[in-house]
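Student:
Number of protein chains: 2
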Amino acid sequence: MLTRPPAAIDAATWREYLAFCAMPSDAIVPADIQRNAAWLVDACARRALDARLLANGDVPMVYAAWPRVRTELPTILFYAHFDAQPVVAEAWSQPDPWTPVLKERALDGTWRTIPAERLFDAQPDPEWRVFGRAAADDKGPIVMLLAALDALRSAGAEPCVNVKILLDSEEEQGSPSIAGVLARERALLAADAMVVNDGPMHASRRPTLVYGNRGVVTATLTVWGPARALHSGHYGNAVANPAERLAALIASLKDEDGRVRIPGYYDGVAIDGDARAMLDAVPDDEDVLTRELGVASLQRGVGATLQDALQYPSLNVRGLAAGATGRRAATIVPDRAVAEFDLRTIPEIEPERAPALIRDWLAAHGYLVLDRPPTDAERAAHERIATWTVRPGGVAARTAPGAAVGRWVRAALRDAFGGEPVAIRTMGGTVPTGEIAAQLGVPFTILPLANADDNQHTHDENLRVGNMLDGVRALVTLLTTPYPGYGRCASTSSA
Amino acid sequence: MLTRPPAAIDAATWREYLAFCAMPSDAIVPADIQRNAAWLVDACARRALDARLLANGDVPMVYAAWPRVRTELPTILFYAHFDAQPVVAEAWSQPDPWTPVLKERALDGTWRTIPAERLFDAQPDPEWRVFGRAAADDKGPIVMLLAALDALRSAGAEPCVNVKILLDSEEEQGSPSIAGVLARERALLAADAMVVNDGPMHASRRPTLVYGNRGVVTATLTVWGPARALHSGHYGNAVANPAERLAALIASLKDEDGRVRIPGYYDGVAIDGDARAMLDAVPDDEDVLTRELGVASLQRGVGATLQDALQYPSLNVRGLAAGATGRRAATIVPDRAVAEFDLRTIPEIEPERAPALIRDWLAAHGYLVLDRPPTDAERAAHERIATWTVRPGGVAARTAPGAAVGRWVRAALRDAFGGEPVAIRTMGGTVPTGEIAAQLGVPFTILPLANADDNQHTHDENLRVGNMLDGVRALVTLLTTPYPGYGRCASTSSA
Chain R
1 MLTRPPAAID AATWREYLAF CAMPSDAIVP ADIQRNAAWL VDACARRALD
51 ARLLANGDVP MVYAAWPRVR TELPTILFYA HFDAQPVVAE AWSQPDPWTP
101 VLKERALDGT WRTIPAERLF DAQPDPEWRV FGRAAADDKG PIVMLLAALD
151 ALRSAGAEPC VNVKILLDSE EEQGSPSIAG VLARERALLA ADAMVVNDGP
201 MHASRRPTLV YGNRGVVTAT LTVWGPARAL HSGHYGNAVA NPAERLAALI
251 ASLKDEDGRV RIPGYYDGVA IDGDARAMLD AVPDDEDVLT RELGVASLQR
301 GVGATLQDAL QYPSLNVRGL AAGATGRRAA TIVPDRAVAE FDLRTIPEIE
351 PERAPALIRD WLAAHGYLVL DRPPTDAERA AHERIATWTV RPGGVAARTA
401 PGAAVGRWVR AALRDAFGGE PVAIRTMGGT VPTGEIAAQL GVPFTILPLA
451 NADDNQHTHD ENLRVGNMLD GVRALVTLLT TPYPGYGRCA STSSA
Chain C
1 MLTRPPAAID AATWREYLAF CAMPSDAIVP ADIQRNAAWL VDACARRALD
51 ARLLANGDVP MVYAAWPRVR TELPTILFYA HFDAQPVVAE AWSQPDPWTP
101 VLKERALDGT WRTIPAERLF DAQPDPEWRV FGRAAADDKG PIVMLLAALD
151 ALRSAGAEPC VNVKILLDSE EEQGSPSIAG VLARERALLA ADAMVVNDGP
201 MHASRRPTLV YGNRGVVTAT LTVWGPARAL HSGHYGNAVA NPAERLAALI
251 ASLKDEDGRV RIPGYYDGVA IDGDARAMLD AVPDDEDVLT RELGVASLQR
301 GVGATLQDAL QYPSLNVRGL AAGATGRRAA TIVPDRAVAE FDLRTIPEIE
351 PERAPALIRD WLAAHGYLVL DRPPTDAERA AHERIATWTV RPGGVAARTA
401 PGAAVGRWVR AALRDAFGGE PVAIRTMGGT VPTGEIAAQL GVPFTILPLA
451 NADDNQHTHD ENLRVGNMLD GVRALVTLLT TPYPGYGRCA STSSA
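Chains as they are written, first to last, in full-length UniProt numbering: chain R, 1 to 495; chain C, 1 to 495.
1) CB-CB under 8 angstroms to S232 (chain C), same chain, minus the five flanking residues each way: which ones, in chain order?
2) When you compare the CB of T3 (chain C) with every CB in chain R, is at least one pair closer than 8 angstroms?
3) Could you tell me the distance, in whole angstroms, from the CA atom of D342 (chain R) to the CA atom of A219 (chain R)?
4) Check each candidate in R:G301, R:L253 and R:E127 and name the one with the smallest Cα separation from V317 (chain R).
5) Report, in whole angstroms, the separation of the C-beta atoms of A296 (chain R) and T290 (chain R), which I expect to be a contact under 8 angstroms.
6) At what residues does the alpha helix (DSSP H) containing A157 (chain R) begin and finish?
7) According to DSSP, simplified to helix, strand and coil, what is R261 (chain R)?
8) Who are the near neighbours of D108 (chain R) in its chain, counting only those whose CB is closer than 6 angstroms to its CB and skipping five residues on each side?
9) So, with DSSP's three-state summary, where would you put P283 (chain R)?
10) Starting from F341 (chain C), follow its DSSP beta bridges and name the residues at the other end.
11) Identify the continuous alpha helix (DSSP H) that holds F131 (chain R) and give its terminal residues.
12) In or out: G485 (chain R) buried (at least 16 other Cβ within 10 Å) or exposed?
13) Which value, in whole angstroms, describes the spacing of the CA atoms of R228 (chain C) and R276 (chain C)?
14) In chain B, which residues lie less than 7 angstroms from H231 (chain C) when you measure between Cβ atoms?
15) In chain R, what lies closer than 9 angstroms to L320 (chain C) by C-beta?
16) Just the chain R side, please: which residues come within less than 8 angstroms of I250 (chain C) by C-beta, in chain order?
17) Report the rounded CA-to-CA distance for I250 (chain C) versus L221 (chain R), giving the unit in angstroms.
18) Going along chain C in order, which residues have a C-beta closer than 9 angstroms to the C-beta of D108 (chain R)?
19) Can you list, in chain order, the residues of its chain whose CB lies under 7 angstroms from that of A403 (chain C), leaving out five sequence neighbours each side?
20) Helix, strand or coil: which one does DSSP assign to W98 (chain C)?
21) Taking only beta-carbon atoms, is P86 (chain R) less than 8 angstroms away from chain C?
22) Using a beta-carbon distance below 8 angstroms, is A134 (chain C) in contact with chain R?
23) Would the segment 95 to 104 of chain R count as touching the segment 121 to 131 of chain R if we require 3 or more Cβ pairs under 8 angstroms?
24) Is there at least one Cβ from chain C nearer than 8 angstroms to S93 (chain R)'s Cβ?
25) Does the segment 257 to 269 of chain C come within contact of the segment 259 to 268 of chain R, defined as at least 3 CB pairs closer than 8 angstroms?
26) Can you name the residues of chain R whose CB is closer than 9 angstroms to the CB of H382 (chain C)?
27) If you follow the alpha helix (DSSP H) that H234 (chain R) is in, where does it begin and where does it stop?
28) Between the segment 431 to 446 of chain R and chain C, which residues of the former have CB atoms less than 7 angstroms from a CB of the latter, in chain order?
29) Excluding the 5 residues preceding and the 5 following R488 (chain C) in the sequence, name in chain order all residues of the same chain whose CB lies nearer than 6 angstroms to its CB.
30) What does DSSP give as the partner residue(s) for A51 (chain C) in the beta ladder?
31) Output, in chain order, the set of chain C residues within a Cβ distance shorter than 9 angstroms of D168 (chain R).
32) Is A238 (chain R) close to chain C, meaning its C-beta is less than 8 angstroms from at least one C-beta of that chain?
33) Start and end of the beta strand (DSSP E) containing L440 (chain R)?
34) Counting only Cβ pairs nearer than 7 angstroms, list the residues of chain C close to N316 (chain R).
35) Could you list which residues in chain C have their beta carbon closer than 7 angstroms to that of residue 526 (chain R), in chain order?
36) What number of angstroms, rounded off, separates the C-alpha of D198 (chain R) from the C-alpha of H365 (chain R)?
Below, the structure written as structure tokens:
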């Protein structure tokens with residue numbers, strides 16, 4: 001076993017990380033995904049890992065494995081993803097979200113760009129951050145894993161488990177085809193457990209491990225107005241406005257405290273005594289959190305605390321559009337209004353239920369609910385017409401806290417950083433653990449390594465430099481920690 | 001007097017119209033406005049009109065006048081505007097909204113492009129249409145007026161009134177500076193009455209004159225969420241979503257039938273017996289109208305009929321935006337949600353009232369209402385924060401139906417087309433009659449010449465070819481009709 005995991009990573013690794021972040025990897029642009037996948041296969045091959053593309057339409061995934069297999073050891077599949085959320089470039093503080101920049105926080109709290117070369121200092125400031133799309137979600141953790149394997153290699157060490165790596169190309173799209181990839185490559189990807197390197201650590205910055213995650217279903221609600229946008233003077237008051245009707249529907253869905261009003265929406269949520277204890281042990285500081293988020297308080301309609309709220313399904317309006325806003329706004333009654341939803345799901349409730357309940361709710365509010373635009377005949381016959389389309393995403397999953405993989409990760413975090421890690425029962429976000437667990441039949445643990453305030457999914461995404469360093473330390477320690485039930489581990493390469 | 005107004009216009013005029021429509025004139029692009037204004041001064045000067053630019057910051061207006069002034073005749077100021085609503089180019093059926101195209105309707109109801117040269121036929125089909133931004137609102141009517149003056153000139157005739165023309169550059173922005181232009185140019189623009197060439201004719205296609213128009217106030221409501229957009233998994237349920245809160249506010253404003261719930265919103269609407277008779281005489285066919293608009297019925301919450309509804313102030317959500325929709329939608333809790341409003345006003349109610357009532361309504365719903373984004377301290381102290389900004393536009397105005405200018409227009413329409421024209425008490429849209437009437441102290445009549453289904457303000461705006469022909473006929477007849485109280489008019493140039 002390595003006696004001291006590295007406190008720094010070398011300039012070549014930082015350069016590799018910056019180059020990786022500088023390659024756009026928008027989940028909806030196949031050419032981006034192909035370029036990143038090829039780059040990753042190269043990066044793995046340079047490290048003498050067994051690496052290859054996994055065919056998946058025009059968005060290939062990447063597989064890699066530590067070359068030496070010791071059949072007496074368990075096999076762990078490390079999962080991460082290299083696709084990224086779309087960017088709204090003009091919202092970012094830097095010229096290009098796909099050109100990462102290093103910043104330090106000035107005394108007034110603002111972030112100032114500093115030369116990226118300062119990362120190559122022997123001891124870069126852990127509070128600096130690399131800003132760029134995918135810096136934290138999830139290219140940083142991929143580079144942490146590669147750097148950890150480099151550290152083993154340069155120390156002449158072997159990992160205490162057989163290491164397989166699966167790098168997803170569609171996580172931000174809900175991994176729609178990962179089940180197919182797993183089914184086709186079941187032998188290649190066979191493992192005893194999975195470790196997911198994705199998501200933010202707890203806001204306390206304490207080491208964190210996670211036993212479950214919510215799933216997600218996305219859906220689009222379109223409320224139809226007149227067949228064409230109308231002059232708001234000539235028709236305002238006389239023709240119903242679809243933006244106003246959409247607003248009324250959205251408003252009907254929740255009460256003042258943010259709790260969904262649809263009967264049965266939360267039926268099946270089960271928080272037993274052990275779960276309650278785990279939730280209550282999470283050291284959330286809601287005063288710090290609300291200040292950081294810029295809100296006066298958290299909503300209490302669903303769960304009394306943040307951790308409680310994440311045990312429930314959610315209903316979130318992630319986008320609204322009708323007519324135009326700002327200087328392009330025209331004085332019209334719009335012809336339609338659109339709301340984009342994401343519905344986070346939990347393991348106790350089948351993911352089909354929430355969208356079906358909402359569909360019924362729309363119908364109960366007098367809407368003809370279609371899965372396509374209305375015909376002229378439908379327009380003539382129905383006062384209220386909506387289109388509701390649903391796209392399944394990742395499914396929710398949870399592993400029993402006592403599973404070996406969880407004990408392994410917990411032991412390593414204790415060893416690397418001292419003290420007990422924060423244990424999260426359900427991460428609010430979604431990773432395709434459910435799909436992978438179903439295909440491979442393995443337990444999993446999520447080991448989040450990015451900072452909690454990483455702005456993932458929005459503008460000014462960033463990875464804290466200290467998280468990169470601690471992440472490598474965590475993974476080196478993990479890879480050199482004996483797996484529960486497998487006795488001591490001779491991790492030096494002389495085996 | 002001309003014995004027969006022309007049944008057609010010549011190829012040169014059609015070419016001029018197409019060239020005029022081919023010059024972008026987006027109300028928010030000063031360079032567009034300047035180019036159009038210069039073109040208009042040239043077009044007027046070519047006709048030996050007295051023409052000049054009226055200084056107005058970077059969006060000059062245009063003045064023109066028939067050169068011969070007969071002091072014994074009244075002076076009529078013709079008003080039109082050459083600026084246009086913004087375009088959302090991708091919504092149009094043609095490649096470029098600023099490249100006008102001629103279309104005919106196929107048997108299946110769709111519009112098919114045909115060569116624009118067919119306009120130059122001796123008898124173009126009146127059902128053809130020219131599609132392009134500003135084709136109807138309001139470049140078509142400007143060309144009709146120029147063509148009418150050409151017809152007088154080629155017949156060696158003189159108009160029965162002194163003709164002045166004011167071409168506005170900011171009508172689609174609510175003519176924010178027209179009062180200033182009028183104040184500076186009071187002597188130049190002095191007149192006895194005004195005729196406004198803007199707006200759509202009645203849907204029955206019968207000749208139409210209008211005695212009043214609603215005003216407009218635009219406003220923007222921003223509901224603030226967290227300081228940055230948040231991952232909807234990690235915070236969904238726990239952090240209030242500003243898109244959902246905006247929806248609740250919008251929903252609170254109106255009942256199911258589209259009537260504003262704010263007490264006092266409609267106080268002051270007065271429809272006396274004469275007004276009632278005028279409204280009831282409008283030959284609206286709501287079955288035809290709803291079929292054409294693609295809605296099952298009109299809303300009845302404000303006024304039992306379309307004409308009734310237009311006598312009331314409106315509240316219209318013309319735009320909504322939060323996060324993103326479509327393929328760029330990210331799984332976030334947005335940091336803000338925006339609604340754009342237009343509030344049509346009526347002469348009986350001061351335009352400041354509706355936006356002030358809405359502001360109070362927001363406050364009564366627990367919102368801190370600002371006219372700027374919140375500070376960190378305000379975020380920490382207030383659960384609900386909104387920004388409400390209001391921009392005054394054109395004011396509402398109405399002329400007594402018995403005024404001479406109305407009788408003059410009515411007589412001309414009777415003469416040109418036979419039968420009684422449709423008389424509209426209040427046009428739902430807004431033209432700056434109020435500002436002009438206040439500055440010049442003159443009565444006015446609106447003489448709309450575009451087709452009712454012209455798609456003004458939205459995509460696929462168009463002018464029916466027959467409306468161009470009838471519009472020229474109407475204006476030639478008007479210009480050669482004696483003004484009430486001025487006896488017979490010797491309109492031949494031998495005077």
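The C-beta atom is built at its ideal place from N, Cα and C for all residues, glycine as well.
A quick note: this is a predicted structure, and the numbers were derived from the prediction, not measured.
Tutor: In this structure, then:
1) T331, I332 and V333
2) Its pLDDT being 41, under 50, T3 (chain C) is placed unreliably in this model, and the value from its coordinates should be taken loosely. T3 (chain C) does not count as touching chain R.
3) 6 angstroms
4) R:L253
5) 7 angstroms
6) Per DSSP, A157 (chain R) belongs to no alpha helix (DSSP H) and is neither H nor E.
7) coil
8) none
9) coil
10) C:A219 and C:V317
11) Segment R129 to F131 is the beta strand (DSSP E) holding F131 (chain R); no alpha helix (DSSP H) there.
12) exposed
13) 53 angstroms
14) You won't find chain B in this structure, because its protein chains are R and C.
15) A243, L246, A247, L320, A321, A322, G323, T325, P334, A337, V338 and A339
16) A243, E244, A247, A248 and A251
17) 17 angstroms
18) Here the premise fails: no neighbours, minimum Cβ distance about 12 angstroms.
19) P443
20) coil
21) yes
22) no
23) yes
24) no
25) no
26) A296
27) S232 to Y235
28) none
29) P482
30) C:A64
31) None at all; the shortest Cβ gap to chain C is about 16 angstroms.
32) yes
33) Counting along the chain, L440 (chain R) falls outside any beta strand (DSSP E), though it belongs to the alpha helix (DSSP H) covering T433 to L440.
34) S232, G236, N241 and V333
35) Here chain R covers residues 1 to 495 and nothing more, so residue 526 (chain R) does not appear.
36) 40 angstroms
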